[in-house]
Amino acid sequence: VFTCLGSVFGIMLRNCAVRVQRKWLHAHFNRYASSLVVGEISNGTLADSTKSCITAATQIANNESVSVLLTGTESERVANETAKLQPVCKVFYCDSQQYTSNGLTENVADLVCSVVEQGNFSHVLGGTSSFIRDVIPRCAGILDVSQVSDCTKIVDESTFQRAIYAGNAICSVRSNEAIKVLTVRPTAFACDLEQTSDVASVEKLEPLPAFDGKQFIADELVASSGPSLTSADAVVSGGRGMKNGENFQMLQTLCELIPDCAMGASRAAVDAGFVSNDLQVGQTGKCVAPNMYLAVGISGAIQHVAGMKDSKLIFAINNDPEAPIFSIADYGLVADLFDAVPKLTEIIQNNKAAAK
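Residue 667, in my numbering, is where the sequence shown stops; the numbers in between run on with no holes.
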């Protein structure tokens, strides 16, 4: 028994020594940071969330390089386009079938960690999509480091800010890990990157052995028209006050009149079955930061506000003058939405007709 215990403690001490040695070497010899962004491809182009991660990476102190890793069958073409973005120094891609959009995140995590170890990267960044939320924690586990989630500000190479208590407080987190693994909130960082004539290098990666512990069954996608909710210039969202799903058609009509406008919903509307959950805006849904956000029949619970408070201009329509949504709205209208929305739609239609 004592021999077994001695062996176990010996293994534990050796593992601790390896971790301490890694951190000591990083602190003393790795003076400059280098970042790897785990990229995503959306509709055949580099996702805006990835562009936001690239912006976040440039704000890391002493960061001498920003690299991007892309996977999937479209990754070669997108990699060549990504190499033209100004802050990017190098682009890795692997176009193997096992890294497609319906591939297993275990395979992607193994590839990410392989690139991190070979490239000696100090920071690994990703957005906050469902895909990244599955990949990045696996990477942190494989690398044996703690993850910092949903960062809204980069203070320095080791200190980051993130929202807590549904956005009511900001927490500063300092990481002493040798490799900082982060997810960043895309709406907190700009996604408008400039192109440059100095094209970054592009490197093709060979696929690693596939994970065989589980297999892909099916991927159900809901067809939708119009702009993406997270990248639209304007968002019109409905809440419990819409009363039923059929009434959301009036919001859809309004969205079609406003350029680059997407429709959203509160969690209360989604839970009531008015609309599908892919339209949910809030802490447990999607975070949006459009130039214009119109909240219709939404009371303004803190969980919903956490997902849209970064909007540039907020309008609210509610028949309750004490609704919390008015406390953050730039402009508020106390009225019955079933009167206000049709009148607003009519005004926009008339203005468009007069402009022709």
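C-beta: ideal position from N, C-alpha, C; glycine also.
Alpha-carbon spacing of residue i relative to residue j, whole angstroms
i           : j           : result
residue 573 : residue 495 : 23 Å
residue 611 : residue 648 : 15 Å
residue 297 : residue 640 : A query on residue 297 cannot be resolved here, the shown segment of the chain reaching from 312 to 667 and no further.
residue 385 : residue 642 : 43 Å
residue 655 : residue 441 : 35 Å
residue 667 : residue 503 : 32 Å
residue 659 : residue 580 : 26 Å
residue 443 : residue 571 : 26 Å
residue 482 : residue 461 : 11 Å
residue 578 : residue 619 : 13 Å
residue 567 : residue 554 : 21 Å
residue 605 : residue 399 : 36 Å
Short Cβ contact (8 Å threshold) for residue i with residue j
i           : j           : result
residue 381 : residue 368 : no
residue 617 : residue 477 : yes
residue 434 : residue 516 : no
residue 454 : residue 349 : no
residue 632 : residue 645 : yes
residue 410 : residue 423 : no
residue 547 : residue 562 : yes
residue 593 : residue 614 : yes
residue 379 : residue 393 : yes
residue 576 : residue 590 : yes
residue 458 : residue 466 : no
residue 469 : residue 486 : yes
residue 407 : residue 518 : yes
residue 353 : residue 371 : no
residue 489 : residue 456 : yes
residue 452 : residue 360 : no
residue 522 : residue 421 : yes
residue 506 : residue 663 : no
Member of the options whose CA lies at the smallest distance from the CA of residue i
i           : options               : result
residue 599 : 501, 662, 526 and 656 : 501
residue 650 : 601, 541, 488 and 552 : 552
residue 569 : 619, 555, 543 and 625 : 543
residue 621 : 541, 657 and 362      : 541
residue 539 : 637, 373, 506 and 597 : 597
residue 428 : 513, 417, 415 and 450 : 450
residue 363 : 474, 464 and 638      : 464
residue 529 : 373, 415 and 657      : 415
residue 397 : 447, 430 and 365      : 365
residue 430 : 514, 636 and 559      : 514
Range of the contiguous beta strand (DSSP E) that encloses residue i
i           : result
residue 351 : Where residue 351 is concerned, there is no enclosing beta strand (DSSP E), given that its DSSP letter is neither H nor E.
residue 263 : Outside the modelled stretch of the chain, which goes from 312 to 667, sits residue 263, for which no answer is possible.
residue 514 : 512-515
residue 643 : 642-645
residue 495 : 491-495
residue 630 : Neither: residue 630 is in no beta strand (DSSP E) and is coded neither H nor E.
Expected contact under 8 Å - CB spacing of residue i and residue j to nearest Å
i           : j           : result
residue 426 : residue 403 : 6 Å
residue 609 : residue 550 : 3 Å
residue 344 : residue 351 : About 22 Å separates the two Cβ atoms, so there is no contact after all.
residue 401 : residue 511 : 5 Å
residue 628 : residue 607 : 5 Å
Unbroken alpha helix (DSSP H) run spanning residue i, endpoints
i           : result
residue 578 : 578-582
residue 702 : Because the chain spans 312 through 667 in this model, residue 702 falls outside it and cannot be assessed.
residue 424 : 416-430
residue 362 : 359-369
Residue-chain proximity (residue i, chain D), Cβ-Cβ < 8 Å
i           : result
residue 582 : In the displayed structure, chain D is absent; only one protein chain is listed.
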